[in-house]
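The numbers in my numbering rise by one with no breaks, and the one at position 310 of the sequence shown is 349.
The C-beta atom is built at its ideal place from N, Cα and C for all residues, glycine as well.
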Amino acid sequence: MLQVHLATHGDPASLTPEVRAGHDPFLDAMTARCAGLAALTRGPVDAMPASCEVLVGSEITAEMLAARSTLRHLIVPWAGIPAGLEATLAASGRRDVTIHNLHHNAASAAETGVGLLLAAARGIARLDPLLRTDDWRPRYEPRPARRLEGGRAAVLGRGAIGGRVARALEGLGMTVDRIGRPPAGGRWAASDLVARLDGRQVLVVAIPLGPETEGVVDGAVLDALVDGIVVNVGRARLIDQDALFDRLADGRLFAAGLDVWWRVPTTVEHRADWPPADRPFRDLDNVVMTPHVGGGLGEPEIEIHRAEALVEVLRRLDG
């Protein structure tokens with residue numbers, strides 16, 4: 040039977056009722072599905088038992104890796120693998136430890152991306168608050184909107200999320216260029232991305248963040264779009280914040296839909312009052328904003344899918 044530790048940030052007993060309500064379906068599903076497969080422990084990563092074989096979490100120190108000789112697998116319970124985790128593993132010298140991740144929320148993230156694109160293209164973020172004040176004037180006046188059918192899009196990312204987005208856009212009648220890793224590996228050259236994006240109206244970003252992808256969407260890449268719409272469901276730092284804001288503010292870009300941000304609250308107290316970026320994107324009516332909800336964190340159905348995906352990985356490791 041596998042020894043599995045579910046890492047938490049802090050003491051599980053200190054979780055707010057709202058957070059606990061979101062995690063309970065995951066824990067219930069894990070408990071039910073792991074019977075006979077895994078012995079589960081839960082708590083901060085430094086409370087991981089010495090006999091642990093599998094750590095479910097995204098953070099661990101090199102010293103802890105060196106001290107846990109039985110640890111063989113790290114499972115990141117979401118899409119993408121933090122660059123810091125890979126660096127820590129390399130620094131520890133533990134070549135016998137493998138990293139895995141989950142794609143249980145790929146559909147949710149892709150649907151969020153498509154929703155942001157539709158809202159940005161049709162100007163829904165501008166129209167909704169007006170009708171809430173009984174203002175019908177936009178119906179009878181010229182208004183900024185873009186038709187997607189017949190347009191050209193690029194999806195940066197050929198993984199579980201990017202693939203779903205690309206298929207959805209093709210279903211809307213768009214011609215889609217699916218952009219994966221550079222042929223030679225490493226980092227995309229800006230000139231190569233510019234060539235791939237030249238003349239396209241839509242860019243959807245859905246790749247992991249790492250040293251080779253941070254800031255890969257810079258001003259030159261954004262300028263390749265024609266009156267473009269940018270959607271980001273990957274990570275904020277994939278895009279140059281200043282370049283994106285300036286082009287949205289002066290009209291070089293038509294609109295954006297953003298689910299991921301450069302500033303994220305780190306305490307419960309800050310959640311109700313925390314600017315998501317250094318630049319005031321909230322002042323731009325051509326930006327649709329959501330607070331990193333694409334992954335469905337805390338949604339009971341998604342949390343059950345997370346447990347199912349995690350158990351599938353554990354079964355492969357046990358087999």
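Comparing C-alpha distances from A105 to each of R165, A126 and S131 shows the shortest one belongs to S131. Minimum Cα-Cα distance from G189 among the listed residues T214, R206 and W175 corresponds to T214. Straight-line spacing of the CA atoms in M69 and H344 works out to 10 Å. Excluding the 5 residues flanking it on each side, G296 has same chain C-beta neighbours closer than 7 Å at L155, L156, A158, A159, V270 and V327, in chain order. Taking the Cα positions, R220 is about 8 Å away from R226. Between A77 and M40 a beta carbon distance of about 6 Å is seen, short of the 8 Å cut, so the two are scored as contacting. Per DSSP, the beta bridge partners of P83 are T47. The count of Cβ pairs closer than 8 Å, one atom from the region 246-258 and one from the region 106-125, reaches three, so the stretches are in contact. Membership of T214 in any alpha helix (DSSP H) is not indicated; the residue belongs instead to the beta strand (DSSP E) covering T214 to I218. Distance check between E351 and each of R107, P330 and H139 places H139 closest, using alpha-carbon atoms only. About 5 Å separates the beta carbon of F65 from that of A346, a gap short enough to meet the 8 Å contact definition. Counting the other CB atoms within 10 Å of its CB gives P222 a total below 16, which places it among the exposed residues. Taking 3 residues as the minimum length, the beta strand (DSSP E) runs contained wholly in the region 189-260 are 191-195, 214-218 and 241-244, in order along the chain.
Taken atom to atom, the span from the alpha-carbon of R182 to that of D266 is near 15 Å. DSSP, reduced to helix, strand and coil, places T151 within a helical segment of the structure shown. When DSSP states are grouped into helix, strand and coil, H139 belongs to the strand group.
Shown here, A294 sits in a strand according to DSSP, grouped into three states. Excluding sequence positions up to five before and after D324, its CB lies within less than 7 Å of the CB of A164 and R165, all in the same chain and listed in chain order. The beta carbons of A199 and V153 sit no closer together than 8 Å.
Taken through DSSP and simplified to helix, strand or coil, I278 comes out as strand.
M103 sits in a helix when the DSSP states are folded into three classes. Taking I99 as the centre and dropping the five residues before and after it, the same chain places the C-beta of V84 closer than 6 Å to its C-beta, in chain order. For G162, the CB contacts under 7 Å within the same chain, skipping 5 residues up- and downstream, are R182, P183 and A184 in chain order. Check the Cα spacing between L292 and each of R191, T47, G258 and R310: the tightest is with G258.
Leaving aside the five residues that flank S90 on each side, the residues in its chain whose CB is nearer than 7 Å to its CB run, in chain order, Q42 and T109.
Take L141, set aside five residues on each side of it, and the residues of its chain with a beta-carbon closer than 8 Å to its own are I114, V115, P116, W117, A118, R345, A348, L349 and V352, in chain order. Pairing P314 with R302, the inter-Cα distance amounts to about 7 Å. M87 is positioned such that its CB atom lies closer than 8 Å to that of R107. CA-to-CA, the gap between E209 and E102 works out to about 48 Å.
Distance between I218 and V256, taken at the CA atoms: about 13 Å. For W175, the number of other beta carbons within 10 angstroms of its own is below 16, and it is reported as exposed. For I268, the three-state secondary structure derived from DSSP is strand. If only complete runs of 3 or more residues are kept, the region 289-345 shows the beta strand (DSSP E) at 292-297 and 326-328, in order along the chain.
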